[in-house]
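Residue numbers (this note's numbering): 56 to 453.
Structure first, commentary second.
Here it is, written out as structure tokens:
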């Protein structure tokens, strides 16, 4: 197998490179425009102006008020803050939370924390394509429910959930029962590919992460609809309207705003580009490799997501073989790729533990090409055949 001189990057769900326009916008705020936005002098007020402009830019993409935008350190903090902030604010009226069994661990582990804090959590099942049934969401609501959290797009298998329908049903139930039920969605993988207008989605809270859309790492956004009960989780200052204390990471915030704006502007063209490459990859893998299964919904999936399980070989040797050939991919969530346990997402789809450990995720980006896809389709089938011929690696069962 010939190693590529240049790495072919197909792990955009894990992270993306910072695009040049974003880097250019960030650089001044590391140096000559270094003022603290909370101070009163001229240098600080230049920073305050940049912060306000970034917030306005994000609000325009989300279709919300600037006062509803909170800047965070990333998707995990946004998820944590949303769930804890709403649940603890409403603890006097209820202690029940509804979520899905295939959420990102930033949500699942926060739900486990809430359980340790006296809440009850219902983890909804999914069908074999990873879809949550809106009927199940509605049936799960009780007289003690205060929060529902279902991700817009699954980070491992790319399945797109009917969040708008779920949010509508939750809102209707809450109205009939005369109580407050907050609806949160993790939209980290959706930005740049799907409409994330919060009013069209009908959500009360929404989480984003900058480094998934060609922005900097360590930066994110939490949308909180005006009037939503919310208890701040990070204390010590009046920043972010007293909802998230700490001196603002201005370079990252500026970069996040630029990255999100560009992602929104290029959403249709980038989605079409990635969809074309995705379909080429899926068709090529299905025709070139036997005994495989496409993970996730065949059509209601993110334009850039390809996820397969390969009977008869574990995922790790496939990843190593691809890496040696100059192809960067993953087996699922980058946050759990070092774990030995099989993917909780694939287990929830009904896969055996063995098959769940045989997955490969290829996630495309705006700079991938047909030539790169064709190279992957040349390398991968032969790699799988050779690995299956090695008895020590033939662990997975049908």
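Ideal Cβ positions, reconstructed from N, Cα and C, are used throughout, including at glycine.
Predicted model, so just to flag it, every value in this text is computed and none were measured.
Range covered by the alpha helix (DSSP H) that runs through residue i
i	result
residue 81	75 to 81
residue 347	Here residue 347 belongs to no alpha helix (DSSP H); instead the beta strand (DSSP E) covers 347 to 349.
residue 221	218 to 232
residue 340	322 to 343
residue 373	370 to 379
residue 254	253 to 256
residue 22	With the chain running from 56 to 453 in the structure shown, residue 22 is simply not present.
residue 127	No alpha helix (DSSP H) holds residue 127; the beta strand (DSSP E) holding it covers 124 to 127.
residue 400	399 to 403
residue 409	408 to 411
residue 296	294 to 297
Proximity below 8 Å, CB of residue i to CB of residue j
i	j	result
residue 204	residue 253	no
residue 357	residue 417	no
residue 368	residue 432	no
residue 213	residue 351	yes
residue 219	residue 256	yes
residue 159	residue 210	yes
residue 120	residue 226	no
residue 181	residue 222	no
residue 201	residue 237	yes
residue 65	residue 382	yes
residue 116	residue 314	no
residue 197	residue 151	yes
residue 346	residue 371	no
residue 42	residue 70	In the structure as shown, the chain begins at 56 and stops at 453. Residue 42 is therefore absent and cannot be evaluated.
residue 427	residue 157	no
Spatial neighbours of residue i in its chain, beta-carbon cut-off 6 Å, leaving aside the 5 residues before and after
i	result
residue 438	376
residue 391	Residue placement at residue 391 cannot be trusted, given a pLDDT of 49 that sits under 50; what the coordinates show is reported in the next sentence. Cβ neighbours of residue 391 beyond the five flanking positions: none.
residue 295	125
residue 130	243, 262, 264 and 275
residue 360	213 and 418
residue 93	none
residue 21	Nothing can be reported for residue 21, as the shown portion of the chain is limited to 56 through 453.
residue 434	380
residue 348	364
residue 373	415
residue 298	125 and 287
CB-CB length for residue i against residue j, believed under 8 Å
i	j	result
residue 105	residue 305	6 Å
residue 415	residue 384	6 Å
residue 312	residue 109	4 Å
residue 410	residue 364	5 Å
residue 316	residue 247	That pair is no contact at about 11 Å.
residue 199	residue 149	4 Å
residue 270	residue 77	6 Å
residue 300	residue 265	Between residue 265 and residue 300 the Cβ distance is about 20 Å, and since that is not below 8 Å, they are no contact.
residue 207	residue 241	7 Å
residue 239	residue 141	7 Å
residue 231	residue 193	Contact doesn't hold; Cβ gap of about 11 Å is too wide.
residue 133	residue 277	4 Å
Span of the beta strand (DSSP E), counted from its first residue to its last, around residue i
i	result
residue 239	237 to 241
residue 467	Outside the displayed span of the chain (56 to 453) sits residue 467, for which this structure offers no information.
residue 165	Not the beta strand (DSSP E): residue 165 falls in the alpha helix (DSSP H), residues 160 to 171.
residue 135	Looking at the DSSP string, residue 135 is not in any beta strand (DSSP E); the run it does join, the alpha helix (DSSP H), is 130 to 144.
residue 263	260 to 264
residue 430	Careful: residue 430 lies outside any beta strand (DSSP E), inside the alpha helix (DSSP H) at 425 to 443.
residue 362	360 to 365
residue 113	Element bounds for residue 113: not the beta strand (DSSP E) but the alpha helix (DSSP H), 97 to 117.
residue 175	175 to 179
residue 192	Careful: residue 192 lies outside any beta strand (DSSP E), inside the alpha helix (DSSP H) at 189 to 195.
residue 204	200 to 204
Same chain, Cβ closer than 7 Å to residue i, five either side skipped, listed in chain order
i	result
residue 195	153, 177 and 179
residue 436	343 and 344
residue 80	309, 310 and 313
residue 445	none
residue 245	207, 208 and 251
heavy atom of the ligand MG below 7 Å from residue i C-beta
i	result
residue 115	This structure lacks the ligand MG; in fact it carries no ligand of any kind.
Cβ-based neighbour list, residue i, same chain, cut-off 8 Å, excluding 5 preceding and 5 following
i	result
residue 101	88 and 90
residue 145	201, 202, 235, 237 and 284
residue 107	121
Minimum Cβ-Cβ distance from residue i to chain D less than 8 Å
i	result
residue 372	Structure shown: chain D not included; a single protein chain is present.
Next on the checklist: So, does the stretch 323 to 343 touch the stretch 280 to 297, judging by three or more C-beta pairs under 8 Å?
Outcome noted: Fewer than three pairs of CB atoms, one per stretch, sit closer than 8 Å, so the stretch 323 to 343 makes no contact with the stretch 280 to 297.
Checklist entry - Any chance the stretch 119 to 137 sits against the stretch 171 to 189, with 3 or more Cβ pairs inside 8 Å? => result Remark: fewer than three beta-carbon pairs, one from each stretch, lie closer than 8 Å, so the stretch 119 to 137 and the stretch 171 to 189 are not flagged as touching.
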